[in-house]
Amino acid sequence: MLSSVVAKRLVTGICQAAWKPAATGLVSSRSYRGDTADDTRGDLIEIPLPPWEARPDEPTDIKKRRLLYESRKRGMLENCILLSLFAKRYLNTMNENQLLQYDRLINEPSNDWDIYYWATEAQPTPDVYQGEIMDMLKEFTKNRNQEQRLDAPSLEYLEKESQ
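For the sequence shown, the residue numbers in UniProt numbering are 1 to 163.
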């Protein structure tokens with residue numbers, strides 16, 4: 001008769017051997033390949049976005065509210081924080097031309113990382129987005145006053161402005 005320790009080891013070994021093939025089948029064969037020379041990026045899915053269109057007849061107050069919302073609801077947290085704080089500080093003082101530049105900057109590029117890299121000057125800004133608003137955003141991003149920017153601002157300031 002087998003001792004309980006030997007029996008337990010035997011059963012555990014059999015179970016582990018039986019489980020290994022099933023477990024390897026569950027693991028995805030795709031992996032991150034990075035920017036190597038042989039990366040065809042064939043595993044990437046490009047989701048087409050509708051083209052950005054200027055809204056010349058949009059009332060200024062509606063445009064500011066829309067841009068505030070779009071500044072807060074980004075595809076990545078870094079831009080959500082950066083753009084919502086930027087909008088809180090500058091949106092109400094922007095003229096029509098600046099609002100158009102800001103609208104184009106945050107809505108035309110399909111990749112939020114591009115906006116972040118341009119604002120932090122990690123990559124050069126394309127000429128089409130370079131302008132007064134991008135200069136303001138780059139300066140704001142430098143955070144010369146060393147403000148704590150860990151979260152998007154609360155919406156309480158909107159109630160104070162409307163009163």
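From the three backbone atoms N, C-alpha and C, an ideal C-beta is built for every residue, glycine too.
These numbers come from a predicted model, not from an experiment.
Between R149 and I81, the C-beta gap is smaller than 7 Å, which places the two residues in contact. Contact check between the stretch 133-141 and the stretch 80-99: three or more CB pairs, one atom from each, fall below 8 Å, which counts as touching. Assigned with DSSP and collapsed to three states, N97 falls in helix. Going by beta carbons, L99 and K63 fall inside the 7 Å limit.
Look at the stretch 99-149 and you find these whole runs of alpha helix (DSSP H), each 4 residues long or longer: 112-119, 132-142.
In the structure shown, K73 adopts coil according to DSSP, grouped into three states. A straight line joining the alpha-carbon of P51 with that of T40 spans about 26 Å.
Excluding its 5 nearest sequence neighbours in each direction, A119 has C-beta neighbours in its own chain below 7 Å: L82, L137, K138, T141, listed in chain order. Burial of Y102 is indicated by the presence of at least 16 other C-beta atoms within 10 angstroms of its C-beta.
With at least 16 other beta carbons inside 10 angstroms of its own, I133 counts as buried.
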